[in-house]
Amino acid sequence: MPALPLIIDTDTGSDDAVALLLAAASGLGDVRVVTTVAGNVPLSAGTRNALVSLQVAGRVDVPVHPGCERPMTRTLSTAQHVHGQDGMGDTGLLPDPMRSAEPQHAVEVLLSYPRRHPGELTLVTLGPLTNIAAALVRDRDLLTRYRHVYCMAGAADLSGNITATAEFNAWADPEAARVVLQAARPDKVTWIGWDVSRRDAVMTAEDQSRLERLGTPMAAFAHRVNRTVADWARDVTGLAGYDLPDPVAMAVALRPKLIIEREEAHVDIALGDETRGQLIIDRRRSAPPPNLTLVRRVSEAGFKDLLFTTCAGIGQSGRDLKDIPGV
Ligand code: BDR
Ligand code: CA
């Protein structure tokens with residue numbers, strides 16, 4: 003199977019970083035370009051974290067383009083209480099990026115790449131949907147120009163992580179999420195919500211020590227950057243470890259066969275104060291036609307196998323990951 007040509011839009015914090023490793027070092031993805039957006043951390047920190055993560059994956063050649071600094075209408079609320087002040091677990095051990103960010107704005111890149119390569123590129127979004135919505139204002143048919151669009155967003159079971167019922171990416175910029183939903187079609191756009199991560203992508207104590215024992219630079223990096231998320235999971239979500247929402251979304255894009263359960267539905271998003279960012283899933287017979295494919299379950303074993311083999315440096319690319327610069 004040829005590697006999947008990818009554009010990744012990310013607010014790089016600790017789990018985005020692991021998703022970038024999967025995309026760039028599993029051998030399943032061909033990362034052409036990365037765009038960044040404010041979310042987990044302010045834009046400059048997320049851009050730096052994306053550059054560092056690609057470097058750890060051995061892909062300093064991938065250009066990173068910063069995008070929107072704030073949501074469409076709301077004040078930026080970051081998740082530094084979850085991912086650390088630096089978004090990467092505040093370990094003090096991050097290497098400096100060897101490459102700088104590109105001057106061209108992310109929205110220009112999201113618009114121009116699929117026009118140059120119609121139907122070829124898969125877009126994976128790992129943060130608030132601000133850049134995508136801004137691009138859609140310019141090109142209403144943008145999503146159809148991609149081969150497929152996968153978004154880590156929402157919580158289809160209405161169990162939230164930022165509020166009782168809302169997931170962070172959908173909550174952070176719900177107006178942007180609505181713009182994306184209004185342009186979506188179920189054969190083109192798939193959402194993987196936090197419900198999937200909570201059930202099928204939790205790193206138990208055993209998984210965490212397995213990751214640590216791999217002893218490679220990528221495994222050490224993936225383990226360390228999730229340090230503060232592990233504390234948050236223990237104190238707030240009560241899961242049996244930290245979960246990996248962006249990596250499981252990336253795994254679905256790279257290997258759709260991991261999907262165990264999905265549904266097509268008409269989905270909207272709540273904008274009001276009490277329900278901000280909550281998904282409104284209309285399953286009535288009288289509902290408007292579906293606009294989205296929602297992934298509901300993923301193979302936990304398949305996801306973790308991809309994670310461990312990638313972090314062990316035995317991704318299918320055959321790339322020698324022993325001498326990664328800057329790590
Ligand atoms: C999502 O929000 C962020 O905290 C994570 O990076 C992920 O994209 C999970 O709700
Ligand atoms: Ca993210």
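Position in the sequence shown (from 1) plus 2 gives the number in my numbering.
For each residue, glycine too, the CB sits at the ideal point set by N, CA and C.
None of these values were measured; they are calculated from a predicted model.
Sheet register partners of residue i (DSSP bridge)
i    : result
V33  : L8
A267 : L294
D284 : H268
D245 : V204
M154 : I194
I261 : V300
L125 : I9 and V151
T38  : T12 and P68
Under 8 angstroms between C-beta atoms of residue i and residue j
i    : j    : result
V64  : F223 : no
T12  : G60  : no
T75  : E177 : yes
A203 : L128 : no
L260 : V227 : no
L160 : R200 : no
Y152 : P116 : no
M252 : L53  : no
L131 : A158 : no
G89  : G15  : yes
P97  : P188 : no
Y244 : V231 : yes
D18  : L246 : no
R229 : G91  : yes
R142 : A185 : yes
M205 : A27  : no
V297 : I164 : no
V43  : E104 : no
V191 : L294 : yes
L6   : L30  : yes
L123 : R34  : yes
C313 : L216 : yes
A168 : R278 : yes
Span of the beta strand (DSSP E), counted from its first residue to its last, around residue i
i    : result
L68  : Here the sequence assigns Pro to residue 68, which means Leu is not the residue at that position. V66 to P68 is the span of the beta strand (DSSP E), which, as asked, contains P68.
T192 : V191 to I194
Cβ separation of residue i and residue j, assumed to be a contact under 8 angstroms, to the nearest whole Å
i    : j    : result
L138 : T37  : Not confirmed; about 14 angstroms, so no contact.
D270 : R180 : 7 angstroms
A196 : V84  : A small correction: the amino acid at residue 196 is Trp; Ala does not occupy that position in the sequence shown. Going by Cβ atoms, the distance from W196 to V84 rounds to 12 angstroms, so no, they are not a contact pair.
Residue range of the unbroken alpha helix (DSSP H) whose run includes residue i
i    : result
Y115 : A108 to R118
L213 : A207 to L216
M220 : P219 to V227
T311 : E302 to C313
G48  : L45 to V58
N133 : T132 to R140
R180 : P176 to A185
Q82  : Q82 to H85
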